[in-house]
Amino acid sequence: MGIRHSNNPCSSLLLCFVVLLLLVSSCSGNSNVGVRCMESERQQLLDFKEGLMDPFGRLSSWVGLDCCKWQGVRCKNRTGHVTVLNLQNYHLGGTIKPSLLHLKHLTHLNLAENFFGGTQIPKFLGMLNNLRYLDLHSSGYGGEIPPHLGNLSHLQVLYLGGNFGLRAESLVWLSGLSSLESLDLARVDLYDVRESWLKAVNMLPSLVRLYLDGCQLKSLDLTLPSLNLTSLEVLELFDNPIKSPLPHWFSNLTDLQVLDLRSNNFYGSIPFWIGSLCKLRILRLNSNRLHGGIMGVLDRFSACQNNSLEILYLGGNYLVGSLPQSLGALRNLQELDLNTNFFWGSIPASIGNLSSLELLELSDNNFNGTIPESFGRLAKLSTVSLVSNQMEGVLTETHLANLTRLDAFRLTTYHNKSLVFNQKHDWVPPFRLTTLVLINCLIGPSFPVWLLVQTNLSYVIVSNAGISDIVEEEWFARLFSSCWFVDLSNNSITAKLPPRIYSEMLEKVDLSRNNFVGQIPLWETNATQLYLQRNSFSGSIPENIGELMPRLKTFFVSRNQISGRLPSSICKMMGLKFLSVSHNRLSGQLPDCWNKLRSLKAVDASNNSLSGEIPSSLTSLCHLILLMLGDNNLHGDIPFPPNSCRQVPLLYILQLRSNLLGGNIPEEICRLSNMRSLDLSNNHLIGSIPKCLHNFTALKYGNRSLDYEELFDLQDGTINEQTMLVGTKGRELEYSRTLLEVKNIDLSENNLIGEFPKGICRLAFLDTLNLSTNYLSGSIPDNIGDMRWLESLDLSVNKFSGPIPSSLSSLTFLNHLKLSYNNLSGRIPTGYQLQTLNDSSNYQGNPLLCGVPLLTRCPGDINSPPTPSSQGGSKDKLWLYLSIAMGYIVGFWGVCGTLAMKESWRQAYFRYVDEMKEKLLLWIALTIARSRRMIEKGNN
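Numbering (mature numbering (1 follows the signal peptide of the UniProt record, and there is no 0)) for the sequence shown: -29 to -1, 1 to 911.
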């Protein structure tokens, strides 16, 4: 039948519109518009959906006849076959059904960032023969990787990383993936694969990107018979325990752009050929055990005609030497991290050539030179960290005037303030910092304007900076409103804080060791640490402080002029760990609500005017480590330690000296087996000393019951600021940083009676024992010589009788002894350490004692009491000198004579000495670095 032509203009217009619509549809590249999907494939997708759990309804669009319009589905042009299934981060779970096998044209399958509950990767995925792209990373798969995936011969991308339960015992199946370009097995457990992993990967000639970070790889072949990975551009092996030198075959990876080997155990020097990989953009070798210098490597990089290096991370190694001038040739460098090494000297002037540099991290080294003025040319610099070095010299406006993008600046030196900031007082910089750390740098004495105008600060430490100026309280109001961390400690800043401070973000405030005056503000914050000690604050602690600061864990206001009572609202700080209110003018009774503070570890309220009894709730805290209430007016009995603790109470230090306490020393105190310092001196205690003090096992065996976390918490948060007077060696000594190492028992100046408990002599690690000025009687135990670490012993002003035990002479560390004003009798023992304690006042007031150093002769002595200088006579001296001379001659010539005569021995000896010297210097350097790193972490 022919087509009939019509002269109707409407029909012609309609025909043109239809033709135009068909042309647009046929020319459009969107297959989801022009062609519906295959019905059979639509049914398979619906079947696949039934096996999935979709809690967020991400597959709700999977309705209707055209599956090509469904979310995550793409179809092929004109044919309508499904080619792409991308369901990444859909929060799906459940089961992957084999209905996917009917999608014969599927080339791209992405199920990444879902959670399939630790199930195994389906084996049938190895039958999707047309698959080019398979991404299952971070999808919660577990078990063994099915080797069936090796059948995907057309696969170009395989991402299985981030599945922490996934493992492989062999990677032989990789050899079937001849077209593979990208392989991601990050965090897959390849421990059982051992050294064969490299041989398997080397069978992939088209490989461009390889990600094997965190795979428990332990070894790396140093030689390969033939290298097939010449197309490799990205190699990431970080966070493995690989113990090996850097293999030379890396030098053949000439297309390499990214090499990330951080957090391994690579050792040896950094080979020069690394610098010949001229296409490298990113090189990360940080956190290994590499040593030696970096001059040769940087010289090679600088020789590259088109140097591409953008990121260089070498921190956390044992690298040494000064930074070479060739560093300035890395003109594309954006990030340079050399922290925690042993570099020394000055920062080279050529650093000013790094016009693209954004991050400079040189912390924890031994830099002891100057910062060049060319530093000021780094206009793109955003982050600078020069923490824990020994930089010196002067920083002027020239160093800082062009750093318009500077956001974080950290610089700390040692305590001598060898680095000086020298700018005009009214200089206004071009940058607005968010982070500023300046410790032990000389900024003062005036408070600089460039610091006052930093209105974007969120983290600020300006400590020990020599500032002795008056600062307006409005500046502090702005500072506290924007910051979460403020440390202005160890200056002489004079200021009065705003009466009320409100900040939700504030976490730590340290204004200690300044001249702040006025009342403690009403802090309405979520702060966890507040350090106000060693200032001139007056008035009282706010009554509702526990309600205003409920999250406070550390509260230090010691050594101020604070008066009034200690408010009971403190007990509303449920997480409080450290409380120090010592050396103030507090009065009244202690609140009795301490049993609510289950996390409390340290309380110091000493040197106040507190009265009343010690609340039993205070000694009921099982985790309390330090309790110091000395030098107050407390009275009543000493509360018993609790029996309710599941474990032995942790109390290390109990200091109740110089109060008005009475009654007996409770027997229950012996349950405190961790006790290291017990000071109950200068009270009104009566009765006898408990015989069970030998249960202080920390003093008996020298063990430490605190775990490292508790010890670090206590040392960092409390002991560094606490002081305690200890009566030892005949005088009062003040301990602070070594407070945890004090091991003493002081029961002096009480009204105690009875005998010297023999069990005390079993406390071998006790340093100081003071029982003076009591009414103790009986004899001094014969086994007192068992206290082998004893340094100070004071038993004076008592009623001890009988002879002085001869075992005293075996106390080789004893350097203070007081036995005066007792009823002791007989000859004073001589020999060893007692020979040095020859002050007669140590024994005076004992009329029945005789012998050296007293003038009283013992029965049977004909001449005056012998002295150490006269015993043995001149013959003994002669033999002594002859023995010394002979020993010197034999020892010196026995060694040096042999070395002089025998060359091979001489060479071996000096080689051994050199090796030992190097090992010793390395050990010292590592110890200092690690200690410094821990201190810096604690400070930050």
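Cβ atoms here follow ideal geometry from the backbone N, Cα and C, with glycine treated the same way.
What are the residues that DSSP puts in a beta bridge with A573?
-> DSSP lists F549, L597 as partners of A573.
So the beta strand (DSSP E) W315 belongs to, where does it begin and stop?
-> Start and end: 313 to 316.
Hey, quick one: how far does the beta strand (DSSP E) through A466 stretch, first residue to last?
-> 465 to 467
Quick one, are the C-beta atoms of D378 and V358 less than 8 Å apart?
-> Cβ distance not < 8 Å, so D378 and V358 don't count as in contact.
Just mark residue 912 as buried or exposed, buried being the case when its beta carbon has 16 or more other beta carbons within 10 Å.
-> Since the displayed the chain opens at -29 and closes at 911, residue 912 lies outside it and no answer follows.
Proximity below 8 Å, CB of G316 to CB of S293 = In this structure, G316 lies near S293, with their beta-carbon atoms less than 8 Å apart.
Could you tell me which residues DSSP pairs with M24 in its beta bridges?
-> G64
Put K94 into one of helix, strand or coil per three-state DSSP.
-> helix
Buried or exposed: T783, going by 16 or more other Cβ atoms within 10 Å of its Cβ?
-> exposed
Secondary structure of G843, DSSP reduced to three states = Only weak support is given to the placement of G843: the predicted model assigns it a pLDDT of 44, under 50, and the question is left unresolved by the model.
When the Cα atoms are used, what is the spatial distance from N277 to K250?
-> 8 Å
Where N793 sits in the DSSP three-state scheme = Here N793 sits in coil by DSSP.
For L74, which three-state DSSP category applies?
-> coil
Could you tell me which of S648, M98, V172, W244 sits nearest to W72, measuring between CA atoms?
-> The residue you asked about is not Trp; residue 72 is Leu in the sequence shown. For the options S648, M98, V172, W244, the alpha carbon positioned closest to that of L72 is the one of M98.
Kindly list the residues whose CB is nearer than 6 Å to the CB of C(-3), restricted to its own chain and excluding five residues on each side of it in sequence; keep chain order.
-> In this prediction, C(-3) has a pLDDT of 37, which is less than 50 and means its spatial position is unreliable; what the coordinates show is noted afterwards. Excluding sequence positions up to five before and after C(-3), its CB lies less than 6 Å from no other CB in the same chain.
Go ahead and label K94 buried or exposed: buried means 16 or more other beta carbons lie within 10 angstroms of its beta carbon, across all protein chains shown.
-> exposed
Nearest-angstrom Cα separation, counted from H219 out to Y120 | Position check: residue 120 holds Leu in this sequence, whereas Tyr was assumed. Using only the alpha carbons, I get a separation of about 32 Å.
What residues match up with E726 in a beta bridge as DSSP calls it?
-> S748
Does DSSP put T525 in a helix, in a strand, or in coil?
-> Assignment of T525 by DSSP, reduced to helix, strand and coil, places it in the strand class.
DSSP three-state assignment for L30, whether helix, strand or coil | It is coil, neither helix nor strand.
Beta-carbon proximity check, I751 vs F736, cutoff 8 Å | no
Contact belief for V424 with F456 at Cβ below 8 Å, rounded distance in angstroms | Between F456 and V424 the Cβ distance is about 19 Å, and since that is not below 8 Å, they are no contact.
Starting from the C-beta of G185, find all residues in its chain whose C-beta is less than 8 Å away, skip the five residues before and the five after it, and write them out in chain order.
-> A157, R158, F209, D210, N211
With distances taken Cα to Cα, identify the nearest neighbour of N427 among N411, G415, S417, T406.
-> T406
Could you work out which residue in E115, V44, I116 is closest to N81 when comparing CA atoms only?
-> V44
Own chain residues within Cβ distance below 6 Å of L224, not counting five before or after = Excluding positions up to five away in sequence, the list reads L203.
How would you label T54, buried or exposed, when you count the other beta carbons within 10 angstroms and need 16 or more for buried?
-> Here T54 is buried: its Cβ has 16 or more other Cβ atoms, across all protein chains shown, within 10 Å.
With DSSP as the reference, label W494 as helix, strand or coil.
-> In the structure shown, W494 sits in a strand (DSSP, three-state: E or B).
Could I get the ranges of all uninterrupted alpha helix (DSSP H) runs contained in the segment 341 to 420, with 4 residues as the minimum, in chain order?
-> 368 to 371
Hey, which unbroken runs of the alpha helix (DSSP H) at 4 residues or more fall wholly within the segment 634 to 684?
-> Look at the segment 634 to 684 and you find these whole runs of alpha helix (DSSP H), each 4 residues long or longer: 668 to 672.
Is the beta carbon of S153 less than 8 Å from the beta carbon of V128?
-> yes
Straight-line gap, S106 to A83 (C-alpha atoms, nearest Å) | For the sequence presented, residue 106 should be read as Asp rather than Ser. The C-alpha of D106 lies about 6 Å from the C-alpha of A83.
Which residues DSSP lists as bridging E323, in chain order | Residue identity differs from the one stated: residue 323 is Gly in this sequence, not Glu. In the DSSP output, where bridge partners are listed per residue, G323 has none listed.
Which residues bound the beta strand (DSSP E) around E332?
-> That run of the beta strand (DSSP E) goes 330 to 332.
Simplified DSSP state of F19, which is helix, strand or coil = helix
Exposure of S31, with buried meaning 16 or more beta-carbon neighbours within 10 Å | exposed
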